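Residues are numbered in the numbering used here as their position in the sequence shown, beginning at 1, plus a constant of 25. This report concerns only the one structure given below.
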Amino acid sequence: MNHPMGPKKNIDWGSLSFSYLKTDYRFEATCVDGVWSKGQVVESEVMTLHEGAPALHYGQSCFEGLKAQTAKDGRILLFRPELNNQRMQESAERLLMPKVPTELFMEGVEAVIRANLAWIPPYGSGASFYLRPFLIGSGENLGLRPAKEYTFRVFASPVGPYYKSGGLKMISLAVIDVDRAAPLGTGGYKIGANYSGGLMATKIAQSLGANEALYLDPKERRYLEEAGSANIILALKGKRFATPKSPSILPSVTRRSIVTLAEKELGFSVEERPIDFIAEHGEIEEMGACGTAAVLSPIGKVLINDHWYKVGQDSEHPGPIMLDLYNRLTALQRGERPDPYGWTYEVKLT
Ligand code: PLP
Ligand code: COI
Numbered sequence: 026m027n028h029p030m031g032p033k034k035n036i037d038w039g040s041l042s043f044s045y046l047k048t049d050y051r052f053e054a055t056c057v058d059g060v061w062s063k064g065q066v067v068e069s070e071v072m073t074l075h076e077g078a079p080a081l082h083y084g085q086s087c088f089e090g091l092k093a094q095t096a097k098d099g100r101i102l103l104f105r106p107e108l109n110n111q112r113m114q115e116s117a118e119r120l121l122m123p124k125v126p127t128e129l130f131m132e133g134v135e136a137v138i139r140a141n142l143a144w145i146p147p148y149g150s151g152a153s154f155y156l157r158p159f160l161i162g163s164g165e166n167l168g169l170r171p172a173k174e175y176t177f178r179v180f181a182s183p184v185g186p187y188y189k190s191g192g193l194k195m196i197s198l199a200v201i202d203v204d205r206a207a208p209l210g211t212g213g214y215k216i217g218a219n220y221s222g223g224l225m226a227t228k229i230a231q232s233l234g235a236n237e238a239l240y241l242d243p244k245e246r247r248y249l250e251e252a253g254s255a256n257i258i259l260a261l262k263g264k265r266f267a268t269p270k271s272p273s274i275l276p277s278v279t280r281r282s283i284v285t286l287a288e289k290e291l292g293f294s295v296e297e298r299p300i301d302f303i304a305e306h307g308e309i310e311e312m313g314a315c316g317t318a319a320v321l322s323p324i325g326k327v328l329i330n331d332h333w334y335k336v337g338q339d340s341e342h343p344g345p346i347m348l349d350l351y352n353r354l355t356a357l358q359r360g361e362r363p364d365p366y367g368w369t370y371e372v373k374l375t
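Spelled out as structure tokens, the structure:
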């Protein structure tokens, strides 16, 4: 399928929010009896699904999220896509689904980029191209068994900032009486069921004035877990950098990258451990939520037990550490600085 390397769509890139905009093409492949079909680029955004599909009834579905950025020289860059593929394979294994082979995953992601070049936000626009690969149990199955057929699809949408406050603005999170994960459950995997279970938490958190929910560990309800769509990072007094350790949080690609930057470039000592927010509140200088959609959003306030805790000295403005990390991360993602880590992946455009 040839796509003319024509002009960009007439979009006000700077005013995009994080929502779905229909692009021209998507990619799909199916797996029957463990054998993957050849994937193909398709036009329709509508999928036909058997009414007995386990994805619909039993939540046999997992997904990924990654962004493509346009560099100054026009290259299209992905950020550590192999980690998204690896995580999707782990999610698939957990839900007894066939793994999407690395070559097929990358073929799908790159095909969607090449087919939709006109939709990819230009350099400097502040927007990015969000790719959503997903894998679902799509064949018929009434009993509680894994599906016999699976569909892997990748679609994409140009997007702006995830949180309503927009860009590098302060956000707030609220702990409420709804858990996202169970101690030996599926919290560490990027599966659909974790997110449908969290919709209510997000709604309640937002009704309390927060951007989204903050979860505590489901066993003791004491240690920080993660936000509804992002991991948590903290800069502590004494040049320490901390992030929660728990089997039930998503292993965020962004968080793992930021931790490396904090350690290698800013000289922090990194602690990955259980974090008791209330007990350690006085030690916290800055706090952030990080993820592909959230990028790095500094946290100004946290609601726990009906009390709003202000974070650090200035809960109204991004602090210097989060700002520095944000700049270092996004400069890497946009190819604005050398990449000593080998994290950026240049998409083959021909
Ligand atoms: N935690 C949750 C629950 C998420 O949905 C996401 C988003 O993908 C993240 C954390 C951040 O992960 P990543 O940095 O890999 O996008
Ligand atoms: C992402 O950051 O890619 C996510 O998947 C979060 C999602 C809830 C929008």
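The beta carbon of each residue, even a glycine, is placed where N, CA and C say it ideally should be. Nothing here was measured: the structure is a model prediction, and the numbers come from that model.
Which two residues bound the contiguous beta strand (DSSP E) that contains residue i?
{"i": "His75", "result": "Taken as a continuous stretch (DSSP letters only), His75 belongs to no beta strand (DSSP E), as it is neither H nor E."}
{"i": "Leu259", "result": "256-261"}
{"i": "Ser294", "result": "294-298"}
{"i": "Gln65", "result": "65-67"}
Ligand 2 heavy atoms versus the CB of residue i: any closer than 7 Å?
{"i": "Gly313", "result": "no"}
{"i": "Ser254", "result": "yes"}
{"i": "Gly234", "result": "no"}
{"i": "Tyr351", "result": "no"}
What are the boundary residues of the alpha helix (DSSP H) that includes residue i?
{"i": "Ser232", "result": "224-232"}
{"i": "Glu132", "result": "127-140"}
{"i": "Met347", "result": "345-358"}
{"i": "Gln114", "result": "106-119"}
{"i": "Arg280", "result": "278-289"}
Less than 8 Å between the CB atoms is what I'm expecting for residue i and residue j, so what's the real figure, rounded?
{"i": "Gly213", "j": "Leu160", "result": "The pair is not a contact, with the Cβ atoms about 17 Å apart (cut-off 8 Å)."}
{"i": "Leu348", "j": "Glu308", "result": "Wrong, their Cβ atoms sit about 20 Å apart, outside the cutoff."}
{"i": "Ala54", "j": "Phe177", "result": "5 Å"}
{"i": "Pro323", "j": "Pro343", "result": "4 Å"}
{"i": "Asn141", "j": "Asp49", "result": "6 Å"}
{"i": "Ala267", "j": "Glu311", "result": "With a Cβ gap of about 11 Å, Ala267 and Glu311 do not count as contacting."}
{"i": "Phe52", "j": "Gly133", "result": "4 Å"}
{"i": "Ser163", "j": "Ala78", "result": "5 Å"}
Heavy atom of ligand 1 less than 7 Å from the Cβ of residue i, yes or no?
{"i": "Ala318", "result": "yes"}
{"i": "Glu251", "result": "yes"}
{"i": "Gly90", "result": "yes"}
{"i": "Thr211", "result": "no"}
{"i": "Leu224", "result": "no"}
{"i": "Ser277", "result": "yes"}
{"i": "Arg280", "result": "yes"}
Relative to the alpha-carbon of residue i, which residue among the options has its alpha-carbon at the smallest distance?
{"i": "Val203", "options": "Ser163, Ala252, Asp364", "result": "Ala252"}
{"i": "Ala199", "options": "Gly39, Lys335, Trp38, Trp368", "result": "Lys335"}
{"i": "Lys326", "options": "Gly313, Ala318, Thr317, Ala319", "result": "Gly313"}
{"i": "Ala143", "options": "Asp58, Thr127, Lys33, Glu311", "result": "Lys33"}
{"i": "Ala304", "options": "Ser340, Glu290, Val320, Tyr248", "result": "Tyr248"}
{"i": "Thr279", "options": "His82, Ser340, Leu103", "result": "Leu103"}
{"i": "Pro272", "options": "Asn166, Pro299, Val125, Tyr351", "result": "Pro299"}
{"i": "Lys194", "options": "Leu374, Ser340, Val125, Ala238", "result": "Ser340"}
Taking a contact to mean a Cβ-Cβ separation below 8 Å, would you say residue i touches residue j in this structure?
{"i": "Gly90", "j": "Thr317", "result": "yes"}
{"i": "Gly292", "j": "Lys264", "result": "yes"}
{"i": "Lys97", "j": "Tyr148", "result": "yes"}
{"i": "Glu361", "j": "Arg100", "result": "no"}
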